[in-house]
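What follows is one structure encoded as structure tokens, with my remarks underneath.
Protein chains: 2
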Amino acid sequence: MVLTVRDHELCALLVKRGEAPFKGYWALPGGFVRPDEGLAEAASRELAEETGLRAQTAPGQVLAGQNPFGAHLEQLATYGHPQRDPRMRVVSVAYLVLAPDLPSPRAGGDASSARWAPVSELFGEDRNDGELLAFDHGQILADGVERARSKIEYSSLATAFCPPEFTVGELRRVYEAVWGVVLDPRNFHRKVTGTPGFLLPSGGTTTRQGGRPAQLFKAGGATVLNPPMLRPEA
Amino acid sequence: MVLTVRDHELCALLVKRGEAPFKGYWALPGGFVRPDEGLAEAASRELAEETGLRAQTAPGQVLAGQNPFGAHLEQLATYGHPQRDPRMRVVSVAYLVLAPDLPSPRAGGDASSARWAPVSELFGEDRNDGELLAFDHGQILADGVERARSKIEYSSLATAFCPPEFTVGELRRVYEAVWGVVLDPRNFHRKVTGTPGFLLPSGGTTTRQGGRPAQLFKAGGATVLNPPMLRPEA
DNA sequence: GGAATAGTGTCTCTAAGACATTATTTG
DNA sequence: CAAATAATGTCTTAGAGACACTATTCC
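Same order as they appear, the protein sequences are chains W and L.
Letter by letter, the first sequence follows residues 1 to 234 in the working numbering.
Letter by letter, the second sequence follows residues 235 to 468 in the working numbering.
Laid out in structure tokens, this is it:
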């Protein structure tokens, strides 16, 4: 499953199923592992086929990786309930991709059958239509969103949602979108710039948000944040 | 894979392979999923068959669960490198079990082919013999140990290593064994007794450690610790 | 008594949260 | 000019770490 932040909202990539079962339902993109490829390799290949995005694990890393584009890919969980597919026993190894805002989804050339769905529309308070995803993909989506929400607390993974260069304000809006909260800009700025290895000044400035020009940063090498960025309580 | 704490050390359950490939090597216990059972169900069944321990996920919980015995079972990760088994393509869904100290391992009736191995002997500084596990089980073990080490930071999962009733000192020794550090008893006591929902006084006291009698506790309902129990840095 | 463990209290310092204030752009 | 965003600074308070000290058992 692919998550991104668009228009200040956390969004998941969905594709419309063209065949039974669950024909016409929205589902998470996926496919089958080839006999001679690894699991992460297969996830990366399917992702490229369906969205054109390149994300792959670093060699030797079993569970997670970061690619040159900044997109992040990691194994989420494996789902194997005997009746999760009405046709036959299917075991799915779900992978989670965190990507910067992408131009537009294109599902194997068929643009009408793919979309970015705000996760707040799929579950939570804003859910107005009770739309259900195919198979157990609602559960997989919920697990992936929770993984993303908790992982940006104690890692620098939120930068995977940002373009190669970004401002502190843009990074803050990522946190706000993923957590669905409002953060104090001043305390946030002090926190992220004060955490060694989180942000690396790239020298430039930008004014694309209006207002005073903001300093541009790249993701620093740090992967673990200590102390963590605490998610505000309910 | 099953982890426990014995003699102030974090230990993993290993079984000796009686057949090729890797005949005579130590390996993590495991087995095959039956056509009509779930993944966690299969892990729970194999565990009971090989050790007599009962651990199962609570119904509806996909990723983790807690059973009446206090043993905890959760999905760890899935390993599917094409050449991880020299015979054929095998995809393994690893489950992690955290259990209190068990009487003695018995592997399907054959006691000589199962043992509790301190993880410090399998990797890390203390590793004196360079013993290797079968297949990629060394990697799986490392991933499981890291999961346990990080998870007791922000959850009450350390109680899964304890008997149903335990003292603050026993819980502290669990943290010390899993992290391989020494903690201040006074600060630890203040921290765990001050975290609401972590510990529930059971009324009794015990003197099994010598010294002044200690109050006995049960695991409280809390699963998430906020603020977390911080692991001391290197 | 001495050794061991349990439990409470006190001090310091880091860092989070709640603000004020100044700086620099666009409209 | 006003409005928006960026960046820095100040105050308060919660909580972690480093201790001293008392309590209660077994030997």
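Beta carbons are placed, not taken as given, at the ideal position from N, Cα and C, and that holds for glycine.
For residue 18 of chain W, the nearest beta carbon of chain L is not closer than 8 Å to its own beta carbon. Within the same chain, Cβ atoms closer than 7 Å to the Cβ of residue 441 of chain L are found at 447, the five residues on either side in sequence being excluded.
One alpha carbon belongs to residue 162 of chain W, the other to residue 183 of chain W, and they sit about 18 Å apart. Note that the C-beta distance between residue 118 of chain W and residue 4 of chain W is not below 8 Å.
When beta bridges are read from the DSSP output, residue 116 of chain W appears opposite W:13. Going by DSSP, residue 409 of chain L is part of the alpha helix (DSSP H) stretching over 402–413. For chain W, the residues of the stretch 300–325 of chain L that bring a beta carbon within less than 8 Å of one of its beta carbons are 309, 311, 312, 313, 314, 315, 316, 323, 325, in chain order. About 7 Å separates the CB atoms of residue 256 of chain L and residue 369 of chain L; that is less than 8 Å, so the two are in contact. Between residue 26 of chain W and residue 133 of chain W, the gap from beta carbon to beta carbon is short of 8 Å. Looking at the DSSP output, residue 155 of chain W bridges to W:224.
Of the residues assessed, residue 181 of chain W falls on the exposed side of the cut-off, its CB having fewer than 16 other CB atoms within 10 angstroms.
Non-local C-beta neighbours of residue 267 of chain L in its own chain, meaning closer than 7 Å and more than five positions away in sequence, comprise 273, 276, ordered along the chain. Shown here, residue 306 of chain L sits in a strand according to DSSP, grouped into three states. A Cβ-Cβ contact shorter than 8 Å links residue 98 of chain W with residue 148 of chain W. Sequence-distant partners of residue 427 of chain L (beyond 5 residues in either direction) whose C-beta falls short of 8 Å from its own C-beta, in its chain, are 402, 433. When beta bridges are read from the DSSP output, residue 329 of chain L appears opposite L:309.
For the stretch 255–280 of chain L, residues whose beta-carbon sits nearer than 8 Å to a beta-carbon of chain W comprise 267, 269, 270, 271, 272, 273. Counted as a single uninterrupted DSSP element, the beta strand (DSSP E) harbouring residue 434 of chain L occupies residues 433–440. A Cβ-Cβ distance of about 10 Å is found for the pair residue 142 of chain W and residue 1 of chain W, leaving them out of contact under the 8 Å criterion. Close partners of residue 408 of chain L in chain W (Cβ separation under 8 Å) are lacking, with about 22 Å as the shortest Cβ gap. The CB of residue 327 of chain L comes closer than 9 Å to the CB of 78, 80, 91, 93 in chain W, given here in chain order.
Note on geometry: alpha-carbon atoms of residue 309 of chain L and residue 374 of chain L lie some 12 Å from one another. The criterion of a C-beta distance shorter than 8 Å is not satisfied by residue 422 of chain L and residue 435 of chain L. By the C-beta density criterion, residue 322 of chain L is exposed, having fewer than 16 other C-beta atoms within 10 angstroms.
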